[in-house]
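Student: Before anything else, here's the structure in question.
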Amino acid sequence: MEKLSNREKIRALLLSIQTGDPDPAGFVNEAKYIQHNPQTHEGSEGLAALFKRLSQTNPRVAVVRAFQDGDFVFAHTEYDFSRRNIGFEVFRFEDGRAVEHWDNIQKRMGPNADGRSMVDGPVDASDLEKTEDNRDLVRCFIETVLIADRVDQIASFMNRTDFVEHNPHLTCAQGALEQALLAQDEDAKRRINYQFLHRVLAEGNYVLGQSEGQVSGNPAAFYDLFRVEDGKIVEHWDTTELIALKSQWKNQNGKF
Numbered sequence: 082m083e084k085l086s087n088r089e090k091i092r093a094l095l096l097s098i099q100t101g102d103p104d105p106a107g108f109v110n111e112a113k114y115i116q117h118n119p120q121t122h123e124g125s126e127g128l129a130a131l132f133k134r135l136s137q138t139n140p141r142v143a144v145v146r147a148f149q150d151g152d153f154v155f156a157h158t159e160y161d162f163s164r165r166n167i168g169f170e171v172f173r174f175e176d177g178r179a180v181e182h183w184d185n186i187q188k189r190m191g192p193n194a195d196g197r198s199m200v201d202g203p204v205d206a207s208d209l210e211k212t213e214d215n216r217d218l219v220r221c222f223i224e225t226v227l228i229a230d231r232v233d234q235i236a237s238f239m240n241r242t243d244f245v246e247h248n249p250h251l252t253c254a255q256g257a258l259e260q261a262l263l264a265q266d267e268d269a270k271r272r273i274n275y276q277f278l279h280r281v282l283a284e285g286n287y288v289l290g291q292s293e294g295q296v297s298g299n300p301a302a303f304y305d306l307f308r309v310e311d312g313k314i315v316e317h318w319d320t321t322e323l324i325a326l327k328s329q330w331k332n333q334n335g336k337f
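Count the sequence shown with the numbering used here and you get residues 82 to 337, in order.
Here you go:
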């Protein structure tokens, strides 16, 4: 039997939420598994049993995109349980099995004013030889524009002529991103406030940033997926999720 890549294992694992197939749960080393979703108990129920139970609620799962970066797999997903959600799932592997998991989930909204949904667009990675250059570009964009508030530098990182925006609240129009990043609340503080960049994952022309900050003063996680072409950002998908108060966490591993 052909050996599955880590990316293929995660596709199978996530789809087993819908099918209830217990076999893909074996791709996870539950003895070492670290769960970073604060709303999920750790170790209270085996994954095979959990997914079988979830499958009985008639869920729908779509893995729209999946990429691999060394020991990490990152996937862009759509779930329909009691409501439709868009998510990013990140898994770390050791010895061929997943041992750590992060995610960021947002209610599906849109399409935006350009008619773009939160998940449509190209799905396959290319330009694999440019992975590190693209990673560096996105890291610099997040650190310079989103964290250091140098919105005047956006044109240095983005192709504004061909840029495609999938955020349900934004468009690809010139100035739309700048306006959103500079928007203030009633107390004259930035509504969207990126503060820390925790991780940048990349495969070819796709790069995912995992960032932490605040939305209207509330702790939040920002996951931003970028498609890069000829050294410029040309497409963007994202999810934003408020982080629950620590007193409400069901595990103590932290969101990041």
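Heads up, the beta-carbon is just placed ideally off N, CA and C, and yes, glycines get one too.
#1: Which residue's Cα is closest to the Cα of R141: P192, R308, L96?
#2: Between M82 and the rest of its own chain, which residues show a CB-CB distance below 8 Å, the 5 nearest in sequence each way excluded?
#3: To the nearest angstrom, report how far apart L131 and G177 are at their CA atoms.
#4: From the DSSP output, which residues share a beta bridge with W330?
#5: Please return the same chain residues whose Cβ sits closer than 7 Å to the Cβ of E322, not counting the five positions on each side in sequence.
#6: Going by alpha carbons, who is nearest to Y160 out of F172, G151, F148, R189?
#7: Buried or exposed: which applies to Q242, given that a residue is buried once 16 or more other Cβ atoms fall within 10 Å of its Cβ?
#8: Work out the CA separation of A257 and D201 for me, nearest whole Å.
#9: Roughly how many whole angstroms lie between the Cα atoms of R216 and L282?
#10: If you draw a straight line from the C-alpha of E310 to the C-alpha of M199, how long is it?
#11: State the start and end residues of the unbroken alpha helix (DSSP H) segment that holds I98.
#12: Going straight from the alpha carbon of S297 to that of G312, what length do you get?
#13: Straight-line CA distance for R173 to C253?
#14: Is the distance from the Cβ of I98 to the Cβ of L135 below 9 Å?
#15: Starting from the Cα of S328, find the closest Cα among A236, Q120, K133, F169 and give me that residue.
#16: Per the contact definition of three or more C-beta pairs closer than 8 Å, is the stretch 203–217 in contact with the stretch 266–273?
Tutor: So, from the data block:
#1: Closest in alpha carbon position to R141, among P192, R308, L96, is L96.
#2: In this prediction, M82 has a pLDDT of 43, which is less than 50 and means its spatial position is unreliable; what the coordinates show is noted afterwards. Answer for M82: no residue qualifies.
#3: 22 Å
#4: W330 is not bridged to any residue.
#5: Once the five neighbours on either side are set aside, the close Cβ partners of E322 are N185, I186, Q187, A301, A302.
#6: R189
#7: At residue 242 the sequence reads Thr, which differs from the Gln that was named. By the 10 Å Cβ count, T242 comes out exposed.
#8: 20 Å
#9: Each residue's Cα considered, the two are about 7 Å apart.
#10: 20 Å
#11: 87–100
#12: Cα to Cα, the separation comes out at about 33 Å.
#13: 33 Å
#14: Their beta carbons are under 9 Å apart, which means I98 touches L135 by this criterion.
#15: Comparing Cα-Cα distances from S328 to each of A236, Q120, K133, F169, the minimum goes to Q120.
#16: no
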